[in-house]
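Each remark here refers to the structure printed beneath this line.
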Amino acid sequence: MSDADTALLARCAAIAVSSWSDALDELGIAGVVSGIAQRSGQGRMCGFAVTARQVAGELGAFDKSDFGVGSLVAATGPGNVLVIDVGGEPISTLGGLASLACTMRSATGVVIDGACRDVDEIRETGLWLASRHVAPTTGKRRLRLQPLGGQVTIGGIDVAEGDLVVGDDTGIVIVPRASLGAALEAADRIVAVDHEVERRIRAGTSFADAAAASGYLPGR
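Under my numbering, the sequence shown has 54 at position 68, and the numbering climbs by one with no breaks.
Right under this line is the structure:
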């Protein structure tokens, strides 16, 4: 990753998901992921998407080699968020051992529109991971990995390679890379207003007056 991208991610990581959501609203962009919950990891996760999709079938539909978990792990790394589209199926695509391998590669995070398993082991690794389901059902012989890098759908949001992915205790947002500059400008402005409201409240101003004076909400 270039120095410019590293600096850009540092700026983006300082902004909460709620502020990103408001910025995307200003731009008319749908980017809030739904139905996927954080299972492991601490603090805010921020990185550029590496996209993957797995096709699901009945047990025995595919060979174990089709699972491709090794390729998924190899796609992780610093500044990269692995987003895996499993079509929302309750089939595990990542467990404790694979999560450990991801942390050994300094993975930024993993988001799965599907399932993970071995959550206790995943938490021990410290990997930031979110999934739609937690299920013991293995993906071996049930999932087939498609070529990496295509457009996928995660929690109702289309994700392309290189889009920004931000996650924290509030949720997960996807910011299209093409709109990142405008979204970052809007988010910075929103954060500045929030700080001004906070400053006024701490100084003893009522919430309504602080919000109105800062342009956070119109006065009544």
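Using N, Cα and C, we set each Cβ at its ideal position, and we do this for glycine too.
Computed from a predicted model, the values in this text were never measured in an experiment.
Given a threshold of 16 other Cβ atoms within 10 Å of its Cβ, counted over all protein chains shown, does M(-13) qualify as buried or as exposed?
Numbered from 1 along the sequence shown, position 1 holds the residue referred to as residue -13. Around the C-beta of M(-13), fewer than 16 other C-beta atoms lie within 10 Å, and the residue is accordingly described as exposed.
Is I15 helix, strand or coil by DSSP?
Looking up residue 15 in the sequence shown gives position 29. Under the three-state reduction of DSSP output, I15 falls in the coil class, being neither helix nor strand.
Under 8 Å between C-beta atoms of S117 and G100:
Looking up residue 117 in the sequence shown gives position 131. Looking up residue 100 in the sequence shown gives position 114. Cβ distance < 8 Å, so S117 and G100 count as in contact.
Report all residues from its chain with a CB closer than 6 Å to the CB of G81; omit the five preceding and five following residues, and keep chain order.
Here residue 81 is taken as the residue at index 95 of the sequence shown, counted from 1. Once the five neighbours on either side are set aside, the close Cβ partners of G81 are R103 and D104.
For A173 versus A9, is the C-beta distance shorter than 8 Å?
Counting from 1 along the sequence shown, the entry for residue 173 is found at position 187. Counting from 1 along the sequence shown, the entry for residue 9 is found at position 23. In this structure, A173 sits near A9, with a CB-CB distance shorter than 8 Å.
Less than 8 Å between the C-beta atoms of G17 and I160, yes or no?
The sequence position of residue 17 within the sequence shown is 31, counting from 1. The sequence position of residue 160 within the sequence shown is 174, counting from 1. The answer is yes: Cβ separation under 8 Å.
Nonlocal neighbours in the same chain, by C-beta distance under 6 Å from G125, ignoring five residues either side:
Translated into positions along the sequence shown, residue 125 becomes position 139. Cβ within range, chain order: F53, I77, S78 and T79.
Does the separation of the CB atoms of G27 and W114 fall below 8 Å?
For the purposes of this step, residue 27 is taken as residue 41 along the sequence shown, with counting starting at 1. For the purposes of this step, residue 114 is taken as residue 128 along the sequence shown, with counting starting at 1. Taking 8 Å as the Cβ cut-off, G27 and W114 qualify as a contacting pair.
Expected contact under 8 Å - CB spacing of E267 and V59 to nearest Å
Given a span of -13 to 206 for the chain in the structure shown, any question on residue 267 remains unanswerable.
Could you name the residues of the same chain whose beta carbon sits closer than 7 Å to that of I176, not counting the 5 residues immediately before and after it, in chain order?
Indexing the sequence shown from 1 puts residue 176 at position 190. Closer than 7 Å at Cβ, skipping near neighbours: S5, D8 and A9.
Measure the Cβ-Cβ separation of Q40 and L134 and say whether it is below 8 Å.
The sequence position of residue 40 within the sequence shown is 54, counting from 1. The sequence position of residue 134 within the sequence shown is 148, counting from 1. With respect to the 8 Å criterion, Q40 and L134 are not classified as neighbours on the basis of their beta carbons.
Would you check if the distance between the CB atom of D154 and the CB atom of A2 is smaller than 8 Å?
Translated into the one-based positions of the sequence shown, residue 154 becomes position 168. Translated into the one-based positions of the sequence shown, residue 2 becomes position 16. Cβ atoms of D154 and A2: closer than 8 Å.
Any idea what DSSP makes of I160, helix, strand or coil?
For this step, residue 160 is matched to residue 174 along the sequence shown. In the three-state reduction of the DSSP assignment, I160 falls in the strand class.
For a test of the three-state rule: what should DSSP assign to M90, helix, strand or coil?
Position 104 of the sequence shown holds residue 90. In the structure shown, M90 sits in a helix (DSSP, three-state: H, G or I).
Any idea which residues DSSP pairs L129 with across the strands?
By one-based count along the sequence shown, residue 129 stands at place 143. Answer is A42, bridged to L129.
To the nearest angstrom, report how far apart K50 and L129 are at their CA atoms.
To locate residue 50, count along the sequence shown from 1; it is residue 64. To locate residue 129, count along the sequence shown from 1; it is residue 143. As the crow flies, the alpha-carbon of K50 is around 8 Å from that of L129.
For H119 and G201, I'd like the C-alpha separation in whole angstroms.
Reading the sequence shown from its first residue, position 133 is the one you call residue 119. Reading the sequence shown from its first residue, position 215 is the one you call residue 201. If I take the Cα positions, the gap works out to 40 Å.
Environment of A178 [buried if 16+ CB atoms lie within 10 Å]:
Taking the first residue of the sequence shown as position 1, residue 178 is located at position 192. Classification for A178: exposed.
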